[in-house]
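*Asks:* Right, I'll just put the structure down here and ask away after.
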Amino acid sequence: MASLKLCLLLGLFAFFLRMLAIQGAEGTCRLLGKFDLHGYVESENRTLIIGGMFPIHFRSIPEKEPTSSEPVSPKCEGFNFRGFRWAKAMIHAIHEVNNRLDILPNITLGYHIYDTCFTTSRTVEATLAYLTGQNETMPNIRCSAGAPLIAVIGAGGSTLTIASSRILGLYYFPEVGYASSCSVLSDKYQFPSFLRTIPNDDHQSLAMAELVRHFGWVWIGTIAADDDYGKYGIKYFKQNVEKYGICIAFSETIPKIYSREKILAIVDAIKESTANIIVVYSSDIDLSPLMEEIAHSNITGKTWIASEAWVTSALIAKPEYFPFLRGTIGFGIRRGDIPGLKDFLLDVHPDNDASDDLTIEFWQTAFNCTWPNSSVPYNTDFRTNVSGQERGVNPVFHQLCTGKEKLEDIKNTYLDVSELRITYNVYKAVFTVAHALNNLDTCVEGNGPFPKKSCAIIDDFEPWQLMYYLKNVKFTTFDNELIKIDDNGDVYASYDIINWQLKETGEISFVKIGIYNDTKDGHEMKIYNNDSIFWNTPTLKPPRSVCTESCQSGTRKGIQHGVPVCCFVCIPCADGEISNETEARECFQCPDDYWPNTPKNECVLKEVEFLAYTDALGTTLVVLSLFGACIVLSVTFVFRMHRNTALMKANDRELSFLIQLSLVITLLSSFFFVGKPEEWSCQIRQVILALGFSLCLSCILGKTIVLLLKYRHTKFKPTEKHAHIVMQPLHQKLLVLISVIIEVCICTAYLACIPPYVYKNMEFQNVKIILECNEGSIEFLCIMFGFDVFLAVLCFITAFIARKLPNNFNEAKFITFGMLVFFIVWISFVPAYLSTRGKFKVAVEIFAILASSFGLLGCIFVPKCYIILLKPERNTEEIISGKATTNDKSAPPSSASCTTEISNSTLSTLALDE
Ligand code: TRP
C-alpha cells in the first residue's frame, strides 16, 4: 500500500515537473516568420491530406531594400495558366479518388496546395509549412489539429524539388514528383523519400543523342537553363553524343534572373555559330525571354531540339515565334486525356469563393480586366519586355470585370486540354498516393509487411510506412498505362517524338513523328516516316549540321589542334595511297601491282610497260632487223649464185657463210628483246646475242689472223713454209669452234647458276610497272660479253696491223672499219643504255645490235657484192690470179689471199683511205 502511495506521489511530482518544462519551453518559443503562401486548402471533413506544390506564378520579385524594413516573402508575378491547370488537375484527381468506390472507400482525401512561384525559396517555405504547419512554433513537431498530411505532390521544377525533397527526406516524408525529371533525384541516398511519375532525364538525354545521330548531325549547339534540370540534362546529352563523335559547337546557359546582356550574348553565340541544330534543355518559363530575343534578332534556319519541358508549351509555341521555331523536334512525355477534366476546369469563377485570390487573379489575367473590390493586383500574362524593363505590373487603367465573361469564348492555355502531359502526370501522382494508401488500408493484420507481419493503421501511420507502399505501388490508369515505381522511385520511360508543324488553319500542331521507349534490353527509337517531318529548311529536306563538310574519298581527315574533332581539314591522300570511303581517317597504300586512280578512291592495276611488237618503235626495230636478215640472206644468195666466180673461189666460203649465219642470228635475236618479257625470252636473248657475236667475231678473227700473217709474211719475207703452216683453213675453223665452245660454256654456266628473270620494275615510275628482264648476275653477263669484247679487240688489233697490206682488195681495212663501227656503236650504247628507262632501254639495245650488225654487214660483205654484182668484169680469174701470182704463188686460195687479187684501182673507191 505504502509503495503504491509512493508511486502516486512520484508520478504527481513528475507530472508537475513536466508541466513546468513545457511552460518554460513555451516561454522561449517564437514565430520566426510568417510565410505569405497562397494556394488551395480543403481539409474539412477529410481523413487525410495530400500536399501539392505548383508554379502558379512564373517568378517572385525580391524586395528592393530588405534591410531597412521588416523582410517579407517576395511577391509573385506572372500568372501561369499551365501551373494553374496542373493544380486544378490535382484537385480533380482527388475528387475522382473520393468519388471512386474501389479506392479508399472509407476515406476522403483533402488537399493542401501551395504556389511555388517557380522559386526555391517559396518551395522551401511551403515544405516547412507542410512539416510544421504555418502556425506552429516548434520545429520537428507537427501539432496542427485536423487531418494529417500524408504526402506531397510536387514541386514542379527539379531544382525546387531537390530543395523540398532534401527537407522532406529528413523525415522520410513521401514526395511524388510530376515534372521533376532531373536524374539526381533518383539517388535514394540523397532523396530517400522521393518518387515520380515522370521519367528520369537520363533517358531523355540519351534519346536526344540518338535523334541527333539518327539524322547525322555532328555539330550541335546546346542551351541549358541555369538549374539542375538544364545542367544535368545537357551534361548527360553531351556525354552521350561524345560517344558518337558528335561535337558541341557552343554551350550556353539561360540566366535564372532576367539579364538582357546575358540573353543577347546567347543570341550572338547562336548567330555566329555554324551549328544548325540547337538542343535546349529548359523549362518554357526560363526559355521564354530568350525566344523573345531570337524572334527580335530574326534568327531563322536553325532546327531546335526541345526537351519535354517546353516541347508542347503554349508559352513558346506561339505564332510570333513560329517562323523561327518551325520544324522543332522534341520529346514529350506520354500524354493522356483525363476524363471530365475540361468540365472541371471550366467550373471556375471568382464568385464561387470571394477569398480565392488565385481565381480572381486568373480571371483578371484571362479577361484582361480588374475584379471589382478586390485587392488582388492586376497582373498581365507573362510578357518579357525586350527592353528589359519590368513586365506588366499594375497598369494604369483597366476595365472592370463583370463576372459574365465566358471562359469558353477565350483561347487559353489553362483550358487547352489537347496536350495533357504534365497534367496527366499530376493525375498519375495523385493516384499513386491513393493506390498506396489503399494498399495500406487493405492490409490484413498478420500478413502485413512490417515487423511481426503487422500492418499500418490508416488513421495513424508513419510516413515511412506509406513510403513502403508507394515504392511497391502498381496500377493501371484509365488509359491502360501500367504505373510501376522502381527502387529508385522512377517509372518506365516512354517519349513521343514531336514535330512542330503548321495546320491549314494557321495554328501550330504538334505532330507525333515517332516514339522512344526504354525497354528491358536497351532502348528503341522509331521514327514512323521521315517524309512526315516538317523541316525548317528552304528545301524542306533534313538540315545538315556539320563543322566541316565530310571529306570525300581520296582524302583523309586532318585533325587540327585546339579545335573540336568535327572541324578538320581534308588532306588529299599521298601518292600511292587511296581512301575509298568518305570521312576516312587514314589513307591506305595500294598493293604492289596497283596504283590509285585519279580521284584516289580506288587502286587500279598499274599499266605494264614493255616494248611491244605493236609499238611503233617495236615494229620499226623488228622490221629493221628483218630487213637486215633479208639483206644477209640475199648476200648469201648472191654468194651462192656466184660461188664459181673467181672472187668466191678465192674466198673461204664456209667462213663467210658462218659470218652471214651469225649476223642473221644477231639480227634476229632482237625479236627476243621485243614483246612481253617472259622467263624464257629473258634467258635466251642475251645468250643468243653473245653467241651470235662470238661466232661472228671468231670468224672475223680467223680472217684477220690470216691477213696479219700474210702481212707479216710480205713484210718480213718469211719462208713459204712458215706462212703455210701458221694458218690452215682447218685452224681457222678450230679457232671458231673453240671460241664458240668457250662462249657456250660461259652461257651455260650463266643460265645454270644465276639466270636472268622477269622483273617488275616499279622504282622509277609509280603509275607503271616496267616489265623488264633482270640480268640475274652482272658478273656473268660481263664475262659473257667480255669474251665477245676480247674477240672484237683481237679482231681489231689484227685487222689494224694488217690494214697496210699492199693488196688490191684490202679486206683488213674494211674489217678495221667494221670493227670501229662496232666499237663506236657499243661504246656509245653504254651511256645511252644507262640513261634510258623502260621500254626505251630495250630499244637502245636493239638499236645497238642492229647498228653493229649492219656495220659489220656493210663493211665485210657490201664491197664483195659490189664487185660480184656491179663489176663482174673484175671478177675474173686473171685479175685475181694475176695479182696472186705476183705476190705469193704458193699461197693457197685463202680468203685473205684471194682478196688481194683484185686490182687496186677497182677498190680504191671502196677502201678506207688512210
Ligand atoms: N522537367 C522539368 C524539371 O525537371 C520541369 C518541367 C517539366 C517544367 N515541364 C515543365 C517546368 C513545364 C516548367 C514548365 O525541371
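Heads up: the sequence shown begins at 420 in this note's numbering, then just goes up one per residue. Cβ coordinates follow ideal geometry from the N, Cα and C atoms, glycine included.
#1: Whole alpha helix (DSSP H) runs in the region 621-699 with 4 or more residues, listed along the chain?
#2: What residues match up with residue 570 in a beta bridge as DSSP calls it?
#3: Would you say the beta carbon of residue 621 comes nearer than 6 Å to a heavy atom of the ligand TRP?
#4: In the structure shown, what three-state DSSP assignment does residue 615 receive?
#5: From the DSSP output, in three-state form, read off residue 767 for me.
#6: Alpha carbon to alpha carbon, how far is residue 474 from residue 843?
#7: What does DSSP give as the partner residue(s) for residue 479 in the beta ladder?
#8: Considering only the alpha carbon of each residue, which of 1086, 848, 1080, 1186 lies closest to residue 903?
#9: Does the Cβ of residue 598 lie closer than 6 Å to at least one heavy atom of the ligand TRP?
#10: Taking 7 Å as the threshold (C-beta atoms), are residue 746 and residue 955 in contact?
#11: Output yes or no for whether 7 Å exceeds the beta carbon distance between residue 1037 and residue 1093.
#12: Beta strand (DSSP E) containing residue 1071: first to last residue?
#13: Might you give, ordered along the chain, the residues of its own chain that have their beta carbon closer than 6 Å to the beta carbon of residue 1127, omitting 5 neighbours on each side?
#14: Which residue comes first and which comes last in the alpha helix (DSSP H) that contains residue 821?
#15: Specify the secondary structure class of residue 729 as computed by DSSP and reduced to three states.
#16: Could you say if the region 577-584 and the region 602-610 meet the contact criterion of at least three C-beta pairs nearer than 8 Å?
#17: Mind the definition here: the region 676-688 touches the region 655-662 only if three or more C-beta pairs lie below 8 Å; say whether that holds.
#18: What first and last residue would you give for the alpha helix (DSSP H) that runs through residue 1230?
#19: Rounded to a whole number of angstroms, what is the C-alpha to C-alpha distance between residue 1334 and residue 586?
#20: What I want to know is whether the C-beta of residue 381 ends up closer than 6 Å to one or more non-hydrogen atoms of the ligand TRP.
#21: In three-state terms, what does DSSP make of residue 754?
#22: When the Cα atoms are used, what is the spatial distance from residue 832 to residue 456?
#23: Shortest alpha-carbon distance to residue 643 belongs to which of 1196, 672, 662, 854?
#24: Measure the C-alpha to C-alpha separation of residue 504 and residue 834 and round it to an integer number of angstroms.
#25: Please confirm whether any heavy atom of the ligand TRP lies closer than 6 Å to the CB of residue 601.
#26: Take residue 992 and list the residues in its own chain whose beta-carbon comes closer than 8 Å to its own, dropping the five residues that flank it on each side.
#27: Am I right that residue 1113 and residue 1206 are in contact with their C-beta atoms under 8 Å? What's the rounded C-beta distance?
#28: Runs of 4 residues minimum, wholly inside the region 823-867: which ones carry the alpha helix (DSSP H) assignment?
#29: Could you round the C-beta distance between residue 689 and residue 697 to whole angstroms and report it? I think they count as a contact, below 8 Å.
#30: Using DSSP with H/G/I as helix, E/B as strand and the rest coil, what is residue 789?
#31: Please determine whether the Cβ atom of residue 513 lies at a distance below 6 Å from any heavy atom of the ligand MN.
#32: Which same chain residues end up closer than 7 Å to residue 1279 when comparing Cβ atoms and leaving out the 5 residues on each side of it in sequence?
#33: The beta strand (DSSP E) that contains residue 920, what's its start and end?
#34: At the level of alpha carbons, what is the spacing between residue 1140 and residue 1166?
#35: Are residue 755 and residue 898 closer than 7 Å when you measure CB to CB?
#36: Is DSSP giving residue 1015 helix, strand or coil here?
*Replies:* If we stick to the structure as given:
#1: Listed in chain order, they are 647-662, 679-691.
#2: Here residue 570 refers to the residue found at position 151 of the sequence shown. Beta-bridge pairing by DSSP links residue 570 to 469.
#3: Numbered from 1 along the sequence shown, position 202 holds the residue referred to as residue 621. For the ligand TRP, no non-hydrogen atom lies closer than 6 Å to the CB of residue 621.
#4: For this step, residue 615 is matched to residue 196 along the sequence shown. Of the three classes helix, strand and coil, the one that applies to residue 615 here is strand, per DSSP.
#5: If you number the sequence shown from 1, residue 767 lands on position 348. Three-state DSSP puts residue 767 in coil, outside helix and strand.
#6: Position 55 of the sequence shown holds residue 474. Position 424 of the sequence shown holds residue 843. Going from the Cα of residue 474 to the Cα of residue 843 covers about 16 Å.
#7: On the sequence shown, position 60 is the one that residue 479 refers to. According to DSSP, residue pairing for residue 479 in a beta bridge involves 495.
#8: For the purposes of this step, residue 903 is taken as the residue at position 484 of the sequence shown. Distances from the CA of residue 903 to each of 1086, 848, 1080, 1186 were compared; the closest alpha carbon is that of 848.
#9: Taking the first residue of the sequence shown as 1, we reach residue 598 at position 179. A distance criterion of 6 Å places the beta-carbon of residue 598 in contact range of the ligand TRP, judged by its closest non-hydrogen atom.
#10: On the sequence shown, residue 955 is found 536 positions in, with the first residue counted as 1. On the sequence shown, residue 746 is found 327 positions in, with the first residue counted as 1. Closer than 7 Å, so yes.
#11: Stepping through the sequence shown from its first residue, residue 1037 is reached at position 618. Stepping through the sequence shown from its first residue, residue 1093 is reached at position 674. Contact: yes.
#12: In the sequence shown, residue 1071 corresponds to position 652, counting from 1. It is not in any beta strand (DSSP E) - residue 1071 carries neither H nor E in the DSSP assignment.
#13: Position 708 of the sequence shown, counted from the start, is the residue given in the question as residue 1127. Excluding positions up to five away in sequence, the list reads 1217, 1220, 1221.
#14: Start at 1 with the first residue of the sequence shown, and residue 821 comes out as number 402. Element bounds for residue 821: n/a, residue is neither H nor E.
#15: Along the sequence shown, one-based indexing puts residue 729 at 310. Three-state result, residue 729: coil.
#16: With contact defined as three or more Cβ pairs closer than 8 Å, the region 577-584 and the region 602-610 are in contact.
#17: Cβ pair count under 8 Å is below three, so no.
#18: Residue 1230 sits at position 811 when you count from the first residue of the sequence shown. Per DSSP, residue 1230 belongs to the alpha helix (DSSP H) from 1230-1254.
#19: Past the boundaries of the shown model lies residue 1334; the chain is included only from 420 to 1333, so the question cannot be answered.
#20: Absent from the model: residue 381. The displayed extent of the chain is 420 to 1333, so no value can be given.
#21: Position 335 of the sequence shown, counting from 1, holds the residue named residue 754. Coil, per DSSP.
#22: Here residue 832 refers to the residue found at position 413 when the sequence shown is read from its first residue. Here residue 456 refers to the residue found at position 37 when the sequence shown is read from its first residue. The C-alpha of residue 832 lies about 24 Å from the C-alpha of residue 456.
#23: Locating residue 643 in the sequence shown gives position 224, where the first residue counts as 1. Here the closest residue by C-alpha is 672.
#24: Taking the first residue of the sequence shown as 1, we reach residue 504 at position 85. Taking the first residue of the sequence shown as 1, we reach residue 834 at position 415. The C-alpha of residue 834 is placed about 8 Å away from the C-alpha of residue 504.
#25: Position 182 of the sequence shown, counted from the first residue, corresponds to residue 601. With a cutoff of 6 Å, residue 601 counts as near the ligand TRP, since its C-beta is closer than that to a heavy atom of the ligand.
#26: Position 573 of the sequence shown, counted from the first residue, corresponds to residue 992. For residue 992, where only same-chain residues beyond five positions count, the Cβ hits under 8 Å are 973, 974, 975, 998, 1006, 1015, 1019.
#27: Numbered from 1 along the sequence shown, position 694 holds the residue referred to as residue 1113. Numbered from 1 along the sequence shown, position 787 holds the residue referred to as residue 1206. Yes, they are in contact, since the Cβ atoms of residue 1113 and residue 1206 sit about 6 Å apart, within 8 Å.
#28: Annotation note: the region 823-867 contains the following uninterrupted alpha helix (DSSP H) runs of length 4 or greater, listed N- to C-terminal: 841-860.
#29: Position 270 of the sequence shown holds residue 689. Position 278 of the sequence shown holds residue 697. Yes, residue 689 and residue 697 are in contact; Cβ-Cβ is about 7 Å, under 8 Å.
#30: Residue numbering aside, residue 789 sits at position 370 when the sequence shown is read from its first letter. Residue 789 falls in the strand class under three-state DSSP.
#31: Questions concerning the ligand MN fall outside what the structure shown contains, since the ligands it does hold are the ligand TRP.
#32: Within the sequence shown, the letter at position 860 stands for residue 1279. 1078, 1233, 1234, 1237.
#33: Within the sequence shown, residue 920 is the residue found at index 501, counting from 1. Residues 913-921.
#34: Position 721 of the sequence shown, counted from the start, is the residue given in the question as residue 1140. Position 747 of the sequence shown, counted from the start, is the residue given in the question as residue 1166. Because the pLDDT at residue 1140 is just 49, under 50, the model does not fix this residue reliably, and the value given afterwards should be weighed accordingly. So the alpha carbons of these two residues sit roughly 39 Å apart.
#35: Reading the sequence shown from its first residue, position 336 is the one you call residue 755. Reading the sequence shown from its first residue, position 479 is the one you call residue 898. Cβ atoms of residue 755 and residue 898: closer than 7 Å.
#36: If you number the sequence shown from 1, residue 1015 lands on position 596. Secondary structure of residue 1015 (DSSP, three-state): strand.
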